[in-house]
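Here the sequence shown is numbered in our numbering, starting from 18 and rising by one per residue.
The structure appears right after this line, and notes come after that.
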Amino acid sequence: MSFGDPNNPYGQQPQQPPQGQPGYGYPQQAPQGVPPQQGYGYPQQQPGAYPQAPGTIQANNGYINVHGLGTVQVASMGLRFGARLIDGVAIAIVYWILSAIGLAGVVGASKSVDDCTGLDPMSSAYQTCLNDQAEAVGGMFAALIGVFFLLFLATMLYEWLMVAFVGATLGKMALGLRVVKENTGGKPGLGGGFIRWIIPTVGALLCYIGAILVFLSPFFDSTGKTQGWHDRAAGTLVIKK
18 MSFGDPNNPY GQQPQQPPQG QPGYGYPQQA PQGVPPQQGY GYPQQQPGAY PQAPGTIQAN
78 NGYINVHGLG TVQVASMGLR FGARLIDGVA IAIVYWILSA IGLAGVVGAS KSVDDCTGLD
138 PMSSAYQTCL NDQAEAVGGM FAALIGVFFL LFLATMLYEW LMVAFVGATL GKMALGLRVV
198 KENTGGKPGL GGGFIRWIIP TVGALLCYIG AILVFLSPFF DSTGKTQGWH DRAAGTLVIK
258 K
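Listed below in structure tokens is the structure:
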């Protein structure tokens, strides 16, 4: 008789669970503070998850992850150039209409000016005629200034507000492009739209050379996002819908 364990008076050996199988009773838990061991192989991604963080280019293949939109295609320079041409035609039509209205007013004002020839230069009638001519010329000049101001205002409202609230101009909508905020994927808003408009506008004051450089600046972007200088300043991207 064995005088071993008092709880085991018959001296039977306790059965061990088969090797490789969990023991009997409750499942064993890992000690606190020790992370569970992972299986072999690479961690599997959830279905629909993107391998890169938002805002990163996927191997410079023309696609980018944008927060709130997922993976989207960056607009090519060919599509952006085509959209700019369509916008140019639309703005030119507005220019022609406003210019025709302004010129008609100028021509009408010039015909109403009295001819001072034949009047005595020493008479008061001659001086009154000269004053009327000076006022007419001033009115025509003011009309021309008003036409240029309306043209500038129309361009500003078209480029600024369309991008700010719609996310695209007529040209971009025609070619399936839109402008979004890089960090949110939403519309640029008033601030982003204004910054994106004002930079090429200021560049246009230098014989339009600055504006051309701004519109060509996406070619200089080495990140693959095709962002121009105005896009970087406004924090925007031009993508394909």
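Backbone N, C-alpha and C fix where the C-beta goes; we use that ideal spot for every residue, glycine too.
Here the structure is a predicted model, which is why all the values come from computation and not from measurement.
Whole-angstrom distance between residue j and residue i, CA atom to CA atom
i	j	result
TYR59	HIS84	Because TYR59 carries a pLDDT of 41, less than 50, the predicted location of this residue cannot be relied on, and the following value inherits that uncertainty. Each residue's Cα considered, the two are about 26 Å apart.
ASN82	TRP246	21 Å
LYS204	GLY184	5 Å
PHE182	GLY227	26 Å
ALA107	GLY87	32 Å
GLU152	PHE158	10 Å
SER140	VAL231	60 Å
GLY155	PHE166	16 Å
ALA100	GLY119	29 Å
LYS198	CYS224	30 Å
GLN90	ILE110	31 Å
ALA160	CYS146	21 Å
Simplified DSSP assignment, three categories, for residue i
i	result
THR145	helix
LEU223	coil
LEU167	helix
LEU194	strand
LYS257	strand
ALA185	coil
GLN244	coil
SER1	As shown, the chain starts at 18 and ends at 258. That puts residue 1 outside it, with no answer to give.
Beta-carbon proximity of residue i to residue j, cut-off 7 Å
i	j	result
GLY188	ILE103	yes
PRO235	MET94	yes
ALA171	ILE212	no
GLY193	LYS257	yes
VAL196	ALA92	no
DSSP bridge partner residues for residue i (one or two, in chain order)
i	result
GLY87	VAL83
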